[in-house]
Ligand code: NAD
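In our numbering, the protein residues as written are 3 to 496.
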């Protein structure tokens, strides 16, 4: 079986060590093995990244940006191969994988603006003959730990920006789909990146712990489930590292009585079942305001679901693919069973999808009459399950959203501008859509949830990303000819 190794100092390598199977989720069969890095391999990688840092930080920013331009072109040229790799290890349908890659490329485009982004701030004559400026210096060796559900896009949220800011980078992708990151590393080398600036180590908790416990890694960008995000944040912060740890989600859509229900139903189907619901921005709960709206919406959703097709990634006629593992499929099915036993109404049951006996497939499930005390409501299910809650008012809907532990994304469907404005102003969620079901910010804004969907102060990518991957230094300067030798002063300079 093919072994997926690491990419260290410009080379792929497969040292001896622990391994784990990598499945094709559409067949349910293991097709590769992935190496799980030991603490020693992590240590060697940190040394490599540290050695590359001093030259890279002094490389002119325009040259760093030029390498990113090359990388963007290579990503576009090799898009089909990247999409196929995502399909083979994640199961994502080709049109969806193409969308993921495009959103990742937009982050590379943003990083190409590094000369402008890193210009700093300058003020002449802050005092007589005194000038001051702030510059944004790189941190050193920084790391990214990424989840399975976006094998290309989430790493691309991180390393292009970190690298153009002058840092060197170690990526630890998900061990469930490790090949995409290695492919990206090869393209970066081809784009002209010096060896050691970008490294990929595959692995599990052992590798993550080694990265977090080492004093030489200066910052950690983590994306994954909330329990792991919280512990990574705690561990990294205790070591004095900068950390942004993005966690899980439970995203609600409020459907108001004045909404265009046909449009809302179409948008909800895509946002709930696209990528099998394995998106941190998937809309998994609908709060329908009024029983009449709920009845009509459930009817439309049920009708729309008749046409949904789960299947293999290579057939673009399919709407979504399998779940990532058998274990995860069983967990999702367990939440559907628990909703039924808690008294909710399973309107469409996807637990036994027709003609999909192999692989980790579930069909789309619609559940009505869900209440906030049910386990299926409280948990992030991360599967093709849409739950409907019936509420009497927008205030009640907003209270439910605000009381949930997660605050990643939310949206409202309405024709009432005043209601939408009130909602976006007051809701306790980091990313808000108004008649937009998946409000994932574009690359030149920043991405991040509130509450237990993000641990840390700065959001991912965009302007917050630049701040995260640099530290400010402010220099105040005066030269002797402008009057340094003007005697002693003991008062605070003003
Ligand atoms: P996960 O938490 O299982 O794994 C994420 C990363 O952490 C992987 O690289 C994994 O190897 C590592 N990891 C796992 N367990 C660990 C442990 N005990 N100690 C140290 N490292 C560990 O997440 P996943 O299943 O790969 O991804 C799905 C989750 O990611 C969902 O909860 C989803 O909401 C979340 N997610 C969030 C965002 C966001 O932007 N907020 C984006 C994508 C995914």
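Each residue gets a CB set at the ideal place from its N, CA and C atoms; glycine is no exception.
Buried or exposed for residue i, going by 16 or more other Cβ atoms inside 10 Å?
i: residue 207; result: exposed
i: residue 240; result: exposed
i: residue 246; result: buried
i: residue 192; result: exposed
i: residue 74; result: buried
i: residue 198; result: buried
i: residue 355; result: buried
i: residue 475; result: exposed
i: residue 50; result: buried
i: residue 464; result: buried
i: residue 24; result: buried
i: residue 255; result: buried
i: residue 26; result: buried
i: residue 481; result: exposed
i: residue 244; result: buried
i: residue 280; result: buried
i: residue 319; result: exposed
i: residue 283; result: buried
i: residue 278; result: buried
i: residue 389; result: buried
i: residue 455; result: buried
i: residue 489; result: exposed
i: residue 451; result: buried
Taking the CB atoms as reference points, tell me whether residue i and residue j lie closer together than 9 Å.
i: residue 1; j: residue 161; result: A question about residue 1 goes unanswered here, because the residues of the chain that appear run from 3 up to 496.
i: residue 413; j: residue 263; result: no
i: residue 128; j: residue 478; result: yes
i: residue 365; j: residue 352; result: yes
i: residue 248; j: residue 182; result: no
i: residue 381; j: residue 196; result: no
i: residue 458; j: residue 434; result: no
i: residue 93; j: residue 324; result: yes
i: residue 349; j: residue 370; result: yes
i: residue 387; j: residue 442; result: no
i: residue 200; j: residue 163; result: no
i: residue 167; j: residue 446; result: no
i: residue 71; j: residue 114; result: yes
i: residue 573; j: residue 126; result: An answer regarding residue 573 cannot be provided, because it is not within the stretch 3 to 496 covered by the chain.
i: residue 6; j: residue 184; result: yes
i: residue 259; j: residue 230; result: no
i: residue 272; j: residue 331; result: no
i: residue 252; j: residue 408; result: yes
i: residue 396; j: residue 372; result: no
i: residue 95; j: residue 322; result: yes
i: residue 404; j: residue 378; result: no
i: residue 186; j: residue 157; result: yes
i: residue 402; j: residue 422; result: no
i: residue 38; j: residue 52; result: no
i: residue 81; j: residue 100; result: yes
i: residue 43; j: residue 12; result: no
For residue i, decide whether its Cβ has a neighbour in chain C, counting only Cβ atoms nearer than 9 Å.
i: residue 89; result: Protein chain content of the structure displayed is limited to a single chain, and chain C is not contained in it.
How many whole angstroms separate the CB atoms of residue i and residue j, which I take to be in contact at a CB cut-off of 8 Å?
i: residue 310; j: residue 267; result: The pair is not a contact, with the Cβ atoms about 12 Å apart (cut-off 8 Å).
i: residue 102; j: residue 154; result: 6 Å
i: residue 47; j: residue 203; result: 5 Å
i: residue 453; j: residue 420; result: Actually they are not in contact, since the Cβ atoms of residue 453 and residue 420 sit about 26 Å apart, beyond 8 Å.
i: residue 214; j: residue 238; result: 5 Å
i: residue 98; j: residue 276; result: 6 Å
i: residue 363; j: residue 400; result: The pair is not a contact, with the Cβ atoms about 36 Å apart (cut-off 8 Å).
i: residue 169; j: residue 130; result: Not quite, the Cβ-Cβ distance comes to about 38 Å (not below 8 Å), so this is no contact.
i: residue 250; j: residue 227; result: 5 Å
i: residue 368; j: residue 307; result: 6 Å
i: residue 77; j: residue 189; result: 6 Å
i: residue 58; j: residue 462; result: That belief does not hold up - the Cβ atoms of residue 58 and residue 462 are roughly 22 Å apart, past 8 Å.
i: residue 316; j: residue 89; result: 6 Å
Let me check you understand the geometry: is the CB of residue i closer than 8 Å to at least one non-hydrogen atom of the ligand SAH?
i: residue 251; result: Within the structure as shown, the ligand SAH is missing, the only ligands being the ligand NAD.
Checklist entry - Counting Cβ pairs, one atom from each stretch, are 3 or more of them under 8 Å apart for the region 167 to 181 and the region 135 to 155? => result yes
Checklist entry - With contact counted as at least three CB pairs below 8 Å, one residue from each stretch, are the region 62 to 78 and the region 274 to 291 in contact? => result no
Next on the checklist: Could you check whether the region 198 to 217 touches the region 226 to 244, counting it as contact only if at least three pairs of C-beta atoms, one from each stretch, sit closer than 8 Å?
Outcome noted: yes
Checklist entry - Should the region 216 to 233 be called in touch with the region 16 to 34, which here means at least 3 C-beta pairs below 8 Å? => result no
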